[in-house]
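Asks: Each residue of the sequence shown is one higher than the last, beginning at 25 in the numbering used here.
One structure is given below, represented as structure tokens, and several questions about it will come after.
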Amino acid sequence: MVKLFGPALSLEASGKVGNSMVFSTWKGRAYLRKQTIPKNPNSDLQVAFRQMLTYLGNTWPLLPAAARSGYDNLAARDNISNYNAYIKYNQNRWENFFPPTIWYPAGETGSVATYVAGQPAATGGRSHVRIIHTIDGSKNNNIAIAIFRGATGFTPALANCRAINRANNFGVTYTWDDNKLQPGTYYYNTQLFTDSGLWGSPLGEISAVVT
Numbered sequence: 025m026v027k028l029f030g031p032a033l034s035l036e037a038s039g040k041v042g043n044s045m046v047f048s049t050w051k052g053r054a055y056l057r058k059q060t061i062p063k064n065p066n067s068d069l070q071v072a073f074r075q076m077l078t079y080l081g082n083t084w085p086l087l088p089a090a091a092r093s094g095y096d097n098l099a100a101r102d103n104i105s106n107y108n109a110y111i112k113y114n115q116n117r118w119e120n121f122f123p124p125t126i127w128y129p130a131g132e133t134g135s136v137a138t139y140v141a142g143q144p145a146a147t148g149g150r151s152h153v154r155i156i157h158t159i160d161g162s163k164n165n166n167i168a169i170a171i172f173r174g175a176t177g178f179t180p181a182l183a184n185c186r187a188i189n190r191a192n193n194f195g196v197t198y199t200w201d202d203n204k205l206q207p208g209t210y211y212y213n214t215q216l217f218t219d220s221g222l223w224g225s226p227l228g229e230i231s232a233v234v235t
């Protein structure tokens with residue numbers, strides 16, 4: 025049902041018109057849009073973009089002031105906040121399978137960190153796989169690990185990214201659980217990236233058996 029509001033002789037509406045149109049607002053501006061229902065809210069690409077959005081939201085409060093202010097011009101150009109400029113810029117990069125950056129524009133430089141003992145390990149269990157990895161502390165400008173899942177021999181890509189986890193405390197062992205899995209063998213690969221948006225090389229395939 026559409027609700028109408030008229031403070032100070034203005035007019036604002038919210039709600040649905042039938043099951044086809046939706047009244048809403050953006051940055052104080054009222055607009056009418058077509059109602060959309062996701063065909064598959066858990067598609068591979070949607071999972072990848074949700075993972076990135078969560079990562080970016082969690083990372084923004086940790087950015088140094090210099091990195092935040094670097095989005096001033098982009099925010100002013102699009103009439104949005106620095107936070108939204110950061111999200112928009114990095115989601116656009118992610119759409120083209122470039123990793124996120126804390127700096128604008130992305131320099132795509134730096135030394136990608138390495139793993140202790142070579143690469144992560146995958147351990148299977150009942151309905152889940154646990155990925156375990158420890159970052160070498162000798163390089164300090166990587167910010168995260170991207171975890172991919174696919175068939176054996178697959179190449180890491182946007183559509184098979186299952187998680188993006190911060191890993192900025194070096195020498196600490198991190199874990200990530202891939203849950204609600206059917207019995208079988210699952211294959212994973214991982215990549216680290218720097219704080220200026222430079223990918224490291226895929227570390228190689230690992231696998232685990234789910235019971």
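Beta carbons: idealized from backbone N, C-alpha and C, even for Gly.
As the structure is a computational prediction, the values presented were derived from the model and not from experiment.
Judging by CA-CA distance, which residue of Gly149, Leu80, Asn203, Gly148 is the nearest neighbour of arginine 186?
Replies: When each option's Cα is compared against that of arginine 186, the closest is Asn203.
Asks: If you run the structure through DSSP and keep just helix, strand and coil, what is leucine 216?
Replies: Three-state DSSP puts leucine 216 in a strand.
Asks: Would you call proline 85 buried or exposed, if buried means 16 or more other Cβ atoms sit within 10 Å of its Cβ?
Replies: The residue in question, proline 85, is exposed, as its Cβ has fewer than 16 Cβ neighbours within 10 Å.
Asks: Does the ligand FAD have even one heavy atom less than 8 angstroms from the beta-carbon of threonine 147?
Replies: By its list of ligands, the structure shown contains no ligand whatsoever, and the ligand FAD lies outside what it can speak to.
Asks: What distance in whole Å lies between the Cβ atoms of leucine 80 and proline 124, which are believed to be in contact at a cut-off of 8 angstroms?
Replies: Correct: roughly 6 angstroms between the Cβ atoms.
Asks: Among Leu227, His157, Pro226, which residue has its Cα nearest to the Cα of valine 196?
Replies: It is His157 whose Cα lies nearest to the Cα of valine 196.
Asks: Taking DSSP as the reference, what is the three-state secondary structure of asparagine 153?
Replies: Strictly speaking, residue 153 in this sequence is valine, with asparagine absent from that position. Strand, per DSSP.
Asks: Flag this pair as touching only if the region 144–153 and the region 107–122 have three or more C-beta atom pairs under 8 angstroms; answer yes or no.
Replies: No: the two stretches stay apart, fewer than three of their Cβ pairs being nearer than 8 angstroms.
Asks: When you compare the CB of arginine 92 with every CB in chain B, is at least one pair closer than 9 angstroms?
Replies: Chain labels in this structure do not include chain B; a single protein chain is all it has.
Asks: The alpha helix (DSSP H) that contains valine 71, what's its start and end?
Replies: First-last of the alpha helix (DSSP H) with valine 71: 68–83.
Asks: Could you give the first and the last residue of the continuous beta strand (DSSP E) run that contains asparagine 189?
Replies: Taken as a continuous stretch (DSSP letters only), the beta strand (DSSP E) holding asparagine 189 covers 185–190.
Asks: Does DSSP put aspartate 102 in a helix, in a strand, or in coil?
Replies: Of the three classes helix, strand and coil, the one that applies to aspartate 102 here is helix, per DSSP.
Asks: When we look at the beta-carbon of glycine 131 and count the other beta-carbons within 10 Å, is it buried (16 or more) or exposed?
Replies: Counting Cβ neighbours within 10 Å, glycine 131 comes out exposed, since fewer than 16 surround it.
Asks: Find the nearest neighbour of alanine 72 within the set Asn82, Leu98, Trp118, Lys112, judged by alpha-carbon distance.
Replies: If we check each option's Cα against that of alanine 72, Trp118 comes out closest.
Asks: In three-state DSSP terms, what is aspartate 160?
Replies: DSSP places aspartate 160 in coil when its eight states are reduced to three.
Asks: Should valine 26 go down as buried or exposed, given a rule of 16 or more other Cβ atoms within 10 Å for buried?
Replies: Any answer about valine 26 is weak, because its pLDDT of 47 lies below 50 and its placement is not dependable; what the coordinates show is given next. Burial call: exposed.
Asks: Could you check what DSSP says for alanine 168 in three-state terms: helix, strand or coil?
Replies: It is a strand residue.
Asks: Out of Ile104, Ile188, Thr176, Leu227, state which residue places its alpha-carbon closest to the alpha-carbon of isoleucine 167.
Replies: Considering only alpha carbons, the answer is Ile188.
Asks: Consult DSSP for tyrosine 109 and reduce its assignment to one of helix, strand or coil.
Replies: Note on residue identity: the sequence assigns alanine, not tyrosine, to residue 109. If DSSP states are grouped into helix, strand and coil, alanine 109 belongs with the helices.
Asks: Might you give, ordered along the chain, the residues of its own chain that have their beta carbon closer than 8 angstroms to the beta carbon of glycine 228, omitting 5 neighbours on each side?
Replies: Correct list, in chain order: Gln143, Asn213.
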